[in-house]
Ligand SMILES: [Zn+2]
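Residue numbers (our numbering): 122 to 436.
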């Protein structure tokens, strides 16, 4: 039986997105992750994904308010980046990067129901804090949430699940997903440090329907290590996914819970990311797409992405 090679999407335009001087969300992050993709492709374990064309930014209107998308569309190619909150900047290069990523999102949205497709999106800026009203927390728009909305639109019966393992709560994704139709066919799970930025995800708004659908926020204390995290994955996260039995799995893959990360103050190692990748390999028969989110120590990011993708994509 011919197997389909997993895809690595290298969002090259993301290299030019400017977060500001000295910002931890740097272009070097993307270069580190591209190294991993190049190695996997050279070893024949993945192929480079290419979207046919860059997408119109209007696609962001699927989940973001019109006024905010108008503002982004007004940034011409040469516009220097400007602050939209205390730690988030957008400019002309940001828009180019977003268009490239959204081109890939459009291609993934068109993946036929049930087709086996595994895709990792190495992109900048990250997306999971971007909410319906706009960007925040290094994020400009939310490509994962847009893909969710598009899949929901084209096939309302699809069972969609999202796992967010970034050290920060995926507040933007959760807020947008709560507003999508068909909540009985939608599962959102986030593991994150709490209390911590952005202040949400306490778990008090969790709910579970009869087929495992719902919201599952799993707040973790600072310093959580591989052993404690592995226990949460094995005892809570993976069984919930099994119960829900999703046809499509989307992942916010942030590697900032690594012990070497300068922002997360957690104690995970590559072992946890390997575990997540191995689980993903065994869980996804249909569309599975993981989006790069955080991870701010370049060495840890490179090793963690390698551990995750090696296990997910297999030998
Ligand atoms: Zn993060």
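All residues carry an ideal CB built from backbone N, CA and C; glycine is no exception.
Predicted model only: the values in this text are computed from it and were never measured.
- Within the stretch 304 to 373, complete beta strand (DSSP E) segments of at least 3 residues are found at 307 to 314 and 335 to 341, given in chain order.
- Residue nearest to residue 389 within the set 272, 322, 348 and 136 is 348 (criterion: CA-CA distance).
- Nearest Cα to residue 125 within the set 335, 421 and 237: 237.
- In this structure, residue 434 lies away from residue 268, with their beta-carbon atoms at least 8 Å apart.
- Two segments are said to touch when three or more pairs of C-beta atoms, one from each, lie closer than 8 Å; by this definition the stretch 372 to 390 does not touch the stretch 198 to 216.
- A distance below 8 Å separates the beta carbons of residue 283 and residue 309.
- Excluding the 5 residues flanking it on each side, residue 140 has same chain C-beta neighbours closer than 6 Å at 146 and 210, in chain order.
- The beta carbon of residue 326 lies closer than 8 Å to those of 336 and 338 in the same chain, with the five residues before and after it left out.
- A distance below 6 Å between beta-carbons, with the five flanking residues on each side excluded, links residue 318 to the following residues of its chain, in chain order: 289.
- Contact annotation: residue 227 and residue 180 have beta-carbon atoms nearer than 8 Å.
- Between residue 222 and the set 129, 358, 397 and 322, the nearest pair of CA atoms involves 129.
- Ranked by how close their Cα comes to the Cα of residue 131, the residues 137, 144, 151 and 143 have 151 in first place.
- Here residue 183 carries a helix assignment [DSSP, helix/strand/coil].
- DSSP lists 169 and 241 as the bridge partner or partners of residue 129.
- Residue 338 has its Cβ no nearer than 7 Å to any heavy atom of ligand 1.
- When rounded, the separation of the alpha-carbon atoms in residue 243 and residue 421 is 16 Å.
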